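See below for the structure under consideration.
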Amino acid sequence: MGLSPFRRTGFLAQESASKSNGSRARHSSLKNRSVILGLLAAIFLFAVGCSKDGQSTWEAFGPVAQKQLDLFNVLLWVMVAVFFLVEGVLVYAIIRYRARPGQPKPPQIHGNTTLEITLTIIPTILVLGLGIWSVFALFELQDPPKGGPDELLVNVTGHQWWFEFEYPDAGNGKHIITANELRIPVDRPIRLNLESDDVIHSFWVPKLAGKLDMVPTRTNKMWFQADSDKINEELPVTLFGACAELCGLGHALMRFRVTVMDQADFDSWAAAYGPPPTNTDRAKAGQQLFAANCTLCHTIDGPDDPALSASRLTGFLTGGDITPVPAPNLTDLRTRQTLAAGLMDLSETNLRAWLHDPEEIKEGNYMSARAVLYQNGTVSLTNEEVDALVGYLLDLR
Ligand code: CUA
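In the working numbering, each residue's number is its place in the sequence shown (first place is 1) plus 26.
Dropping the structure here:
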């Protein structure tokens, strides 16, 4: 039987040997191939795990992720030790005491009390110890430590298929609603209230904390913090997050970013949050187009009016073909890195492509499905009009 998985041993054997030989060879070739595929998959998974910017839980950037990683490491290595100990004894016994030809029947015994008590006590101590420690860690991670820096509250809402971030007070009473890019000051606990407007999503920033479900009609709470002494890079640093619960067609396209900034940078972003400037001609033209076509779903001049948000949600949940839907707040779009829930970099070219045919970029999105502009599948605007909208959304001067 060939060791090389891609030599078609099964096929060759069939021609030269009997039927049963052929099927044995085919079986072996299949087995070899499975082994090679398994190895390739393992190498691939290992390589993915090594990616530097990936969503890795092995690189904790804050106290919550660190505690969870410590817990995981101890549980893992204790279990690895137990596994090798038990399997080692088992394999030893199988080989050492295997049946040999002509051997008489071994003496039959009915247990060993000392051994049985020992083998009950050791696992009990292990399981209780790890269990109690895990439960205490859970309680400890419930709230940020008392007496630390001020918390920053962020309400996060999951939507099909993007994330909404609301800061009731980002500093000096500033109310901010943004989407898909969470900005947080370094070394401050961030308190998160997680909700959902439609189906169950799951909020996950692997380098900051474990995942937590976002469930309609209830608020799940968590917190995390990014520590400057754990981040060996110049700030701002961008971390990756994703939805970790299958939530429909766009689930895999529901990404977000967390940018860790100095408090001063965060403050200037918060202070600048507000209606976009309309200094260029195309921005002025775009402003009118936006008002006429986009404001049913999108807000661009500050936080969304709660009454408007509620009516959009009602429209969406009860709606027919064309209704308003909860849509990303675009007020600070020009300061973001990405478009379409982290799918592509923010640039004029990409924004133009997105406005022309969102479905091509993000299948199942509600903009092309519900907005009046997209009734026929493609946008009913001229290239100049799309360009004006791009100008209104991105022009700075
Ligand atoms: Cu939202 Cu998966």
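Just so it is clear, CB atoms sit at the ideal spot from N, CA and C, and this is done for glycine as well. As the structure is a computational prediction, the values presented were derived from the model and not from experiment.
Inter-residue spacing [alpha-carbon to alpha-carbon] between residue i and residue j
{"i": "Leu407", "j": "Lys57", "result": "58 Å"}
{"i": "Leu349", "j": "His185", "result": "Rather than Leu, the amino acid found at residue 349 in this sequence is Thr. The alpha-carbon atoms of Thr349 and His185 are separated by roughly 16 Å."}
{"i": "Ser254", "j": "Pro262", "result": "11 Å"}
{"i": "Ser60", "j": "Leu71", "result": "16 Å"}
{"i": "Glu67", "j": "Cys320", "result": "Residue identity check: residue 67 is Ala in the sequence provided, not Glu. Straight-line Cα distance between these residues: approximately 46 Å."}
{"i": "Phe98", "j": "Asn376", "result": "41 Å"}
{"i": "Phe110", "j": "Leu65", "result": "21 Å"}
{"i": "Glu259", "j": "Gly88", "result": "14 Å"}
{"i": "Leu156", "j": "Thr357", "result": "48 Å"}
{"i": "Ile226", "j": "Thr183", "result": "11 Å"}
{"i": "Val231", "j": "Glu386", "result": "27 Å"}
{"i": "Pro149", "j": "Leu101", "result": "13 Å"}
{"i": "Glu222", "j": "Phe189", "result": "Here the sequence assigns Ser to residue 222, which means Glu is not the residue at that position. The straight-line gap from Cα to Cα measures roughly 9 Å."}
{"i": "Glu192", "j": "Glu113", "result": "52 Å"}
{"i": "Ser294", "j": "Val153", "result": "50 Å"}
{"i": "Leu334", "j": "Val180", "result": "20 Å"}
{"i": "Asp291", "j": "Lys256", "result": "19 Å"}
{"i": "Lys310", "j": "Pro194", "result": "30 Å"}
{"i": "Leu339", "j": "Met280", "result": "19 Å"}
{"i": "Pro303", "j": "Ala86", "result": "39 Å"}
{"i": "Thr140", "j": "Pro127", "result": "33 Å"}
{"i": "Thr83", "j": "Asn409", "result": "44 Å"}
{"i": "Leu322", "j": "Asp224", "result": "19 Å"}
{"i": "Trp159", "j": "Ile147", "result": "18 Å"}
Residue i beta carbon near the ligand CUA (any heavy atom closer than 8 Å)
{"i": "Cys269", "result": "yes"}
{"i": "Gln186", "result": "yes"}
{"i": "Val225", "result": "yes"}
{"i": "Leu220", "result": "no"}
{"i": "Leu272", "result": "yes"}
{"i": "His136", "result": "no"}
{"i": "Ser335", "result": "no"}
{"i": "His277", "result": "yes"}
{"i": "Ser254", "result": "no"}
{"i": "Met280", "result": "yes"}
{"i": "Ser228", "result": "yes"}
Burial state of residue i (16 or more Cβ within 10 Å)
{"i": "Leu401", "result": "Checking the sequence shown, residue 401 turns out to be Gln, not Leu. The residue in question, Gln401, is exposed, as its Cβ has fewer than 16 Cβ neighbours within 10 Å."}
{"i": "Pro384", "result": "buried"}
{"i": "Ile151", "result": "exposed"}
{"i": "Lys388", "result": "buried"}
{"i": "Met105", "result": "exposed"}
{"i": "Ser30", "result": "With a pLDDT of only 40 at Ser30, under the threshold of 50, the placement of this residue in the model should not be trusted; the figure read from the coordinates follows. Looking at its Cβ environment, which holds fewer than 16 other Cβ atoms inside 10 Å, Ser30 is exposed."}
{"i": "His136", "result": "exposed"}
{"i": "Ser394", "result": "buried"}
{"i": "Gln251", "result": "buried"}
{"i": "Ala107", "result": "exposed"}
{"i": "Glu411", "result": "buried"}
{"i": "Leu422", "result": "exposed"}
{"i": "Pro301", "result": "exposed"}
{"i": "Pro211", "result": "buried"}
Proximity of residue i and residue j at Cβ, strictly below 9 Å
{"i": "Gly267", "j": "Val286", "result": "no"}
{"i": "Glu374", "j": "Leu420", "result": "yes"}
{"i": "Gly276", "j": "Trp187", "result": "yes"}
{"i": "Arg378", "j": "Gly345", "result": "no"}
{"i": "Asn305", "j": "Ile203", "result": "no"}
{"i": "Thr364", "j": "Glu207", "result": "yes"}
{"i": "Leu265", "j": "Lys247", "result": "no"}
{"i": "Trp249", "j": "Arg209", "result": "no"}
{"i": "Tyr299", "j": "Gly341", "result": "no"}
{"i": "Leu272", "j": "Ile326", "result": "no"}
{"i": "Ala336", "j": "Tyr392", "result": "no"}
{"i": "Arg362", "j": "Gln289", "result": "no"}
{"i": "Phe196", "j": "Ala296", "result": "The sequence shown places Ala at residue 196, not Phe. Cβ distance < 9 Å, so Ala196 and Ala296 count as in contact."}
{"i": "Tyr123", "j": "Pro132", "result": "yes"}
{"i": "Arg308", "j": "Val398", "result": "no"}
{"i": "Val351", "j": "His382", "result": "no"}
{"i": "Lys233", "j": "Gln81", "result": "yes"}
{"i": "Ser228", "j": "Ala278", "result": "no"}
{"i": "Gly274", "j": "Gly390", "result": "yes"}
9 Å Cβ cutoff, residue i in contact with chain D
{"i": "Ile69", "result": "Protein chain content of the structure displayed is limited to a single chain, and chain D is not contained in it."}
Meets three-Cβ-pair contact criterion under 8 Å: the stretch 161-172 and the stretch 84-103: yes
Could you check whether the stretch 239-251 touches the stretch 362-370, counting it as contact only if at least three pairs of C-beta atoms, one from each stretch, sit closer than 8 Å? No: fewer than three Cβ pairs fall under 8 Å.
Pairing CB atoms from the stretch 308-325 with CB atoms from the stretch 218-238, are three or more of them under 8 Å? no
Taking contact to mean at least 3 C-beta pairs separated by less than 8 Å, is the stretch 170-177 in contact with the stretch 112-120? no
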